[in-house]
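I have placed the structure first, in the form of structure tokens, so that the comments after it can refer back to it.
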Amino acid sequence: MPEGFSVDPHWVSGYGILLDEEHGNIDDIRWYAELYAFPHSAAYTGLMQSLATPVAAYANSLVDRLTTRSWTIEKTATELQRAAWAYLDKEEEHTQQLSGQLQVDRDSNAESYPASGPDLPEIEIPEQDYSLAFEELSWLVAGVDWFLSEQLGWSVYQDVITELLGNWKALDAEGDALINIGDATDVVASSIKDGWSTLDEYWDGGAAQACGSYVGALTEALGMEGPLNRTVGDLYKLIAAEVENTMLEIARALKLPTKDIAIELDAYGQCQVAEATEDALHRAKELLTAAKHLYEYAQNLINAINLVVERATEFLESVRSVEGVSALDEDAVRNLSQLSGHLSKEQADQLDETVADLTDLVELAQTDNWSEAPDDAFSVGDDPERAGA
1 MPEGFSVDPH WVSGYGILLD EEHGNIDDIR WYAELYAFPH SAAYTGLMQS
51 LATPVAAYAN SLVDRLTTRS WTIEKTATEL QRAAWAYLDK EEEHTQQLSG
101 QLQVDRDSNA ESYPASGPDL PEIEIPEQDY SLAFEELSWL VAGVDWFLSE
151 QLGWSVYQDV ITELLGNWKA LDAEGDALIN IGDATDVVAS SIKDGWSTLD
201 EYWDGGAAQA CGSYVGALTE ALGMEGPLNR TVGDLYKLIA AEVENTMLEI
251 ARALKLPTKD IAIELDAYGQ CQVAEATEDA LHRAKELLTA AKHLYEYAQN
301 LINAINLVVE RATEFLESVR SVEGVSALDE DAVRNLSQLS GHLSKEQADQ
351 LDETVADLTD LVELAQTDNW SEAPDDAFSV GDDPERAGA
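Residues in the sequence shown are numbered consecutively from 1, following the UniProt record's numbering.
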């Protein structure tokens, strides 16, 4: 062997086998994203329709990234197993081209590396999100909405209730899926990184150094998926929780006056109600108007966080280019943090954690790690036994 070069081919082939297994794990994570990270159309009604586009855009971006990672890992796995046979002077008998694809036999003497086992639990989405109290309110209001609309000038049922009756648990579940995906990619990235630390002891030279740089860039890219997906997942869950709380407030505000109005209408008819229940109707209109404000707050909250979700999606693309500036900027973080004044202490604490994660992402966007993520397969080169630098 030339000076500055050393190799134990069985450790090289073993690492190639490890990468092949991790390629399968990334494919599983991608399949999981396709199954759970995209919006379920039946659930996205009312206000939720405004979230369908950014949720789908983020899911598409995620799947595209995982597809690229899977392909590069698979091809690199094949290249390392081929290189191991080349180091053993047995490449010709153990590699062949079939249908344009390089087929490489596995080395029965390959050293073993522990592969990861990312946890991807099944996620169930309930058919409906709203509570029984809100469901009861729905049919109560529907029965007297003609009267309420005349008194208020807007439809309680159409403008408030039907707008909020989307399946918000679906968005919460999609948040859980992204959190699981973030954790799973962390596990795979650690496995690939730890495996390289082992191989580094048994392979030295120019090809080994090139492979080390390649694996470093690959694990850096995979490592970003964890905090990014957990942050966006937390945003989804925050939106779902806040809208559900708003729905319950609306239910509490509307249920009693609506029931009273229904009783009066049933007993006296519309004309007599206005005279017989003037004070009660005045109080009911105040409550209904307050509930309308709750609805508007929910819509404003969704629009604000919707913007952050869109910016997180744009962030993935903008930082890939030299001129690209992260759309997920300090203003977005500050705007999100200002929402904490409208939330409960528990929700505000959760939001503070989310803002901290977003701040980390802003700092991450100032690096060039995304632009260095490999999108081509690794090659040992024409001289796999060359000396290192």
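Beta carbons: idealized from backbone N, C-alpha and C, even for Gly.
Report the CB separation of residue i from residue j in whole angstroms; it is logged as a contact under 8 Å.
i      : j      : result
Ile17  : Gln101 : Contact doesn't hold; Cβ gap of about 17 Å is too wide.
Ala377 : Glu174 : Their Cβ separation, rounded to whole angstroms, is 32 Å, which puts Ala377 and Glu174 out of contact at 8 Å.
Ile239 : Pro118 : Contact doesn't hold; Cβ gap of about 26 Å is too wide.
Ala59  : Ala37  : 4 Å
Gly166 : Met48  : 3 Å
Pro39  : Val55  : 5 Å
Would you decide whether residue i is buried or exposed? Buried here means 16 or more other CB atoms lie within 10 Å of its CB.
i           : result
Glu225      : buried
Gly381      : exposed
Trp168      : buried
Ser50       : exposed
Asn109      : exposed
Gly182      : buried
Ser112      : exposed
Glu31       : It should be noted that the sequence gives Trp, not Glu, for residue 31. It is exposed - the Cβ of Trp31 has fewer than 16 other Cβ atoms within 10 Å.
Pro9        : buried
Leu66       : buried
Pro374      : buried
Asp234      : buried
residue 398 : Outside the displayed range of the chain (1 to 389) lies residue 398, so it cannot be described from this structure.
Out of curiosity, what's the CA-to-CA distance linking residue i and residue j?
i           : j      : result
Asp172      : Ser41  : 15 Å
Leu222      : Arg106 : 26 Å
Val7        : Ile73  : 21 Å
Gly24       : Ser70  : 8 Å
Gln96       : Pro384 : 19 Å
Gly212      : Arg230 : 28 Å
Asp176      : Trp85  : 43 Å
Leu88       : Trp11  : 12 Å
residue 392 : Ala33  : Past the edges of the chain, shown from 1 to 389, lies residue 392, and the structure says nothing about it.
Ser13       : His94  : 12 Å
Phe5        : Glu201 : 12 Å
Asp204      : Ser379 : 15 Å
Leu120      : Glu244 : 26 Å
Glu124      : Ala170 : 9 Å
Glu21       : Val187 : 13 Å
Val104      : Ala241 : 51 Å
Tyr15       : Thr53  : 40 Å
Thr45       : Ile192 : 42 Å
Leu35       : Glu122 : 10 Å
Pro114      : Gly388 : 28 Å
Thr76       : Tyr214 : 10 Å
residue 397 : Leu178 : No information on residue 397 is available, as it lies outside the stretch 1 to 389 that the chain covers here.
Lys237      : Arg386 : 52 Å
Trp196      : Pro126 : 43 Å
Glu220      : Glu91  : 32 Å
Val232      : Ser61  : 13 Å
Asp27       : Ala208 : 26 Å
Using the DSSP secondary-structure output, state which residues sit across from residue i in a beta bridge.
i      : result
Asp204 : Ser6
How about residue i: is its Cβ closer than 6 Å to a heavy atom in the ligand FAD?
i     : result
Leu35 : With respect to the ligand FAD, the structure shown offers nothing to examine, as it has no ligands at all.
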